[in-house]
Amino acid sequence: MKITINYDTVSFVSQIECTDKIIENNLKQSIEENKDKRITDWFEGFIKRVKEATNNDKFSIEIYGCDSYEKDFIESVLKMESNIITKSQINFVDDSTVKERYDAIDAFIDYTLKSYETIIANAIEYNKERVINLRSNKVEVPVIATMSSGKSTLLNAILGKNLLFEDTGSATGTICTIKINNSEKFTARAIKGDNILDETSVEIDKFFEKWNKRVNQEKDKYPELELYLEGPIKDLNSSGMELNLIDTPGPNSAKFENHKDKTERYLQLKDNQKLPIVLYVLDPEKMDSKDDDDTLKEISGLFRKNKQNLDRIVFVYNKVDREKLGNKSFSEILEKVYKFLDKFEIKNPKVFPISSIYAKLAQLNGTLDDDDEIDLNSYRSKFTPVPEKNKKGYQLIDYAPLTINQKAHLKERITKSELDADLVYSGLAALKLYIEDYIVNHHQKIQYRGLMSIANNVFNVIKSKIDLEKKNLEEKTVDEQKKIEERKKKEEIDLINRRDEALQEIANIKVDKKFIQDATKKADYSFDRLKAKSTRNKLSPTEAKRLVEWANNIISDLEVSIKTDLVSKINDESQNYLRRLKTEVGNKFNLKKQSIEQKSFNSQLLNKINVLDIRSIDAYKTTVKEQKKREVEKKVPSGNFFKRLFGIKETKIVLESYTVSTTATNISKFYNDKIVPKIKEFNALIKKCDSESEKIFQEYNIAFQDLVKSSFEESLNSVYKNSDNELARNEEEIKKELLKLNGISNNISKYKIK
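If you count the sequence shown from 1, position 223 lands on 223 in my numbering, and the numbers rise without skipping.
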């Protein structure tokens, strides 16, 4: 049977293939259970599962994609199982390739953080704080233990000095942060908020004893107090990271219930990235008590609640010096630990057996009193193997969860000095090496796995947003075109309606020609009076002359009236008509140009009507001779003699014939011949005024119709043009947006995130 594992050393994604499909399904379940975990976290358990699934039948295995460190780890596991593995092949990725992928992730995230593009800024915004945390070089390793489990002794052993207060009771009263730096000496501080309450660089153990007792005894006075210690630690390389060991109060103290709250609150508030691992100190003498049960239940529950893997808990099996091996193998003792941890569903735990007191005394050698020197020599005798006496010692190095190469490195260290040998045999060197190795080889992996997850999520969010924006732009194009066409049609219909209303309004505006009627009536009235006077057939020359003079006065007055009053009235009415057109039509339609040329009726266009020649009346005079008789007195001789004698004549009435000549004017004929033509001239003149005024009104009418029509065409063209321009602008804007989106897409595609 052959098993093939395809593993991605950056994303921790694994895929498995097996020639036995039934077993493959079983193993896939194992891979699924260890999803998002590094291969070093699950490979050993995976091999155990293969052995169980195959009933220890032999198989071959081929692995692709791990880095050089993971390769060493896998080789160490495979070496231990060489009896059932017929063939193995590990195809690892060189470190430069891994670095290239890390650089690509960093480059992409830096690009998104610096980008001013809204899509990119929004995509990364939610992840900014997590990116900062993932990129932080601060690493905190909390050390948790039940009361009197030797936690403070372990930390003093790691420090190589007796700095932390040790007590069989509750020595740690509050959180103590131990910061590793390159200073020449250690400095301790008691801090409350931003205020340093106390500080010292001498007798640090007494300083911590004092302040831990204060916190325990006056917990209401110092609820927020924390202790700090910083200085150099030998043989613990943090590889440029800011490493902080966190000493937490024992959460199982019945006397100090606030210890549990402080420890839990610290774990809850700290970001997962700053706590790559947690050291949990186990006391062999207390595993059968409820102390560790309750504490581990609390911590495992807290980890699950915060969706953190229990694999991050590294167990320090302290005080192994109290274990009596006899003829037993140390593996039997560890089996007891594994069974204990299995109760909390902690599978394949990393357990480091350590004698903290042995490691601490070895580092303090030369300053020890007699009793401590005796104890140190006793520990050396117990832990140091003596092959010639067939004495194996505890052989803790063989049971530390390290790779073969790491164990080989520690075995080489044994030969360097007595102190190096003590630190290796005590198990402390293995724990320190694991912490160093975890920070360098695992913590960074976890960081970049998180950064890669963010990068891929942000990349996918950006791509999805771009695709959605493109789709929206396409829909927007169709919608906008539809809206623009609908708006254009609506505006076109509105323009047509308003044009028709304006044209109808032009037709509705009428001119009252009363001024023509008045002029006609005035002329008729004047000439009717003249006509009445002319009904007499004959007038004397004097009367006829007066009649002609009257007729001439009428002609003159009417001509003046027509050429002044009527023409003025025509011009007034034409201006009034023009104003009404501008107002009424302008209310109906927005006229683009209202500069209509104003018309005026010039009286000079009217023919002059001449007055009558007064002498023309003479042609209508006639002379009539009539023979008449009249009685006249005539002196005749008297019939009386005497009267005759004296010469007296008598008066006698006799009839005398005479001729009478009468001159008269035929005024009726004169009227028909001379006045009637003048009446016709005036009628023609008034008609001329009427027609000319009508012409002006019609010109205004037509001009306004043309203006409405031209304004309509101009407005309609403007609607079309605006519509076309809007379409063009939308298309241009959409084109720009698409270019911008494509530019963003091209930019992010340059980053080779795999």
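Cβ atoms here follow ideal geometry from the backbone N, Cα and C, with glycine treated the same way.
Since the structure is predicted, the reported quantities are computational estimates derived from the model, not experimental observations.
- Each of 382, 150 and 552 was checked against the Cα of residue 326, and the nearest Cα belongs to 382.
- Here residue 205 is actually not in contact with residue 159; their C-beta atoms are around 11 Å apart, not less than 8 Å.
- In this structure, the alpha-carbon of residue 426 lies about 6 Å from that of residue 354.
- Per DSSP, reduced to three states, the secondary structure at residue 324 is coil, with no helix or strand assignment.
- In this structure, 649 is the residue among 649, 188 and 297 with its C-alpha nearest to the C-alpha of residue 634.
- Beta-bridge pairing by DSSP links residue 190 to 198 and 227.
- Note that the segment 226-238 does not touch the segment 121-132; fewer than 3 beta-carbon pairs, one per stretch, sit closer than 8 Å.
- The alpha carbon of residue 139 has as its nearest neighbour, out of 50, 646 and 277, the alpha carbon of 277.
- The residue from 299, 141 and 508 with its alpha-carbon nearest to that of residue 443 is 141.
- With a contact defined as Cβ atoms closer than 8 Å, residue 584 and residue 505 qualify at about 5 Å.
- Here the C-alpha atom of residue 713 lies approximately 12 Å from the C-alpha atom of residue 721.
- The criterion of a C-beta distance shorter than 8 Å is satisfied by residue 681 and residue 609.
- According to the DSSP assignment, residue 525 belongs to the alpha helix (DSSP H) that extends over 514-533.
- By the neighbour-count criterion, in which 16 or more other beta carbons inside 10 Å mark a residue as buried, residue 637 falls on the exposed side.
- For the pair residue 62 and residue 406, the Cα-to-Cα distance works out to about 23 Å.
- For residue 655, the enclosing beta strand (DSSP E) stretches over residues 649-666.
- Per the C-alpha coordinates, the member of 576, 213, 545 and 424 positioned closest to residue 513 is 576.
- For residue 6, the uninterrupted beta strand (DSSP E) run begins and ends at 2-7, by DSSP.
- Residue ranges of uninterrupted alpha helix (DSSP H) with 4 or more members, entirely inside the segment 364-447 and ordered along the chain, are 370-383, 396-399, 404-414, 418-426 and 428-437.
- With respect to the 8 Å criterion, residue 15 and residue 6 are classified as neighbours on the basis of their beta carbons.
- The three-state reading of DSSP puts residue 215 in helix, counting H, G and I together.
- Distance from the CA atom of residue 367 to the CA atom of residue 328, rounded to whole angstroms, is 35 Å.
- Counting only the Cα atoms, residue 670 lies some 7 Å from residue 620.
- The beta carbons of residue 248 and residue 346 sit about 19 Å from each other, so the pair does not count as a contact at 8 Å.
- Of the candidates 509, 415, 545 and 554, the residue whose Cα lies closest to the Cα of residue 527 is 554.
- Under the Cβ criterion (8 Å, minimum of three pairs), the segment 79-87 counts as touching the segment 44-58.
- Here the alpha carbons of residue 1 and residue 59 stand approximately 5 Å from one another.
- The beta carbon of residue 98 sits closer than 8 Å to those of 9, 10 and 67, all from its chain and outside the five residues before and after it, given in chain order.
- Taking 8 Å as the cut-off, the Cβ atoms of residue 330 and residue 280 do not count as close.
- Secondary structure note for residue 317: its beta strand (DSSP E) is the uninterrupted segment 313-317.
- In this structure, residue 430 keeps its C-beta atom at 8 Å or more from the C-beta atom of residue 451.
- DSSP places residue 630 within a strand segment (E or B) once states are collapsed to three.
- A residue is called buried once 16 or more other Cβ atoms fall within 10 Å of its Cβ, and residue 579, having fewer, is exposed.
- When C-beta atoms of the segment 184-204 are compared with those of the segment 456-467, fewer than three pairs fall below 8 Å, so the two segments do not count as touching.
- Around the beta carbon of residue 289, fewer than 16 other beta carbons lie within 10 angstroms, which makes this residue exposed.
- Look at the beta carbons and you see the segment 686-703 touching the segment 508-522: at least three pairs across the two are nearer than 8 Å.
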